[in-house]
């Protein structure tokens with residue numbers, strides 16, 4: 003079994019690197035973002051997660067459909083999965099011009115948070 007594949011980068015770089023189309027539900031969700039930058043982050047993350055999964059599976063990203071459907075309300079949000087490969091776990095995140103995604107067998111997850119400018123304090127990670 004292959005190890006998970008995670009990729010992260012700035013939204014503009016990701017959009018230059020990966021191509022593809024979104025599902026109707028993804029396009030509708032992207033269209034609800036009021037700020038263009040947030041919409042581009044969403045699009046880049048959803049294309050990037052397809053790219054990760056395609057690399058993992060040895061296929062093309064355009065052959066994969068990302069589905070998000072909340073078990074509680076049935077709306078198009080919640081933990082994403084691949085219609086064509088439900089055995090592959092995927093996760094994506096986006097924030098302020100930065101996106102990340104991961105695909106793997108077994109449970110995987112990523113998160114992105116906006117960090118303020120300036121150096122991180124050494125004590126933050128050394129105490130964990």
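Residue numbers (this note's numbering): 3 to 130. Positions of the beta carbon are idealized from the N, C-alpha and C atoms, including for glycine. Source: prediction; values computed, not measured.
One or two residues paired with residue i in a DSSP bridge
i	result
residue 101	11, 96
residue 69	83
residue 44	Looking at the DSSP assignment, residue 44 forms no beta bridge with any residue, so it has no partner.
residue 111	In the DSSP output, where bridge partners are listed per residue, residue 111 has none listed.
residue 74	DSSP output for residue 74 lists no bridge partner at all.
residue 22	According to DSSP, residue 22 bridges with nothing at all.
residue 106	91
Span of the alpha helix (DSSP H) around residue i
i	result
residue 35	Neither: residue 35 is in no alpha helix (DSSP H) and is coded neither H nor E.
Distance between beta carbons of residue j and residue i, contact taken as under 8 Å
i	j	result
residue 68	residue 48	6 Å
residue 43	residue 99	7 Å
residue 104	residue 32	In fact, because the Cβ distance is near 21 Å, the residues do not count as touching under 8 Å.
Assigned exposure category for residue i - 16 Cβ within 10 Å defines buried
i	result
residue 128	Low confidence applies here, because residue 128 scores a pLDDT of 39, under 50, leaving its location unreliable; read the following figure in that light. Per the 10 Å Cβ criterion, exposed.
residue 6	buried
residue 39	exposed
residue 13	buried
residue 116	exposed
residue 96	buried
residue 56	buried
residue 126	With a pLDDT of 43 at residue 126, under the threshold of 50, the predicted position of this residue should be treated as unreliable, and no value is reported.
residue 21	exposed
residue 86	exposed
Beta-carbon proximity of residue i to residue j, cut-off 7 Å
i	j	result
residue 102	residue 46	no
residue 91	residue 110	yes
residue 66	residue 84	yes
residue 82	residue 70	yes
residue 35	residue 29	no
residue 78	residue 114	no
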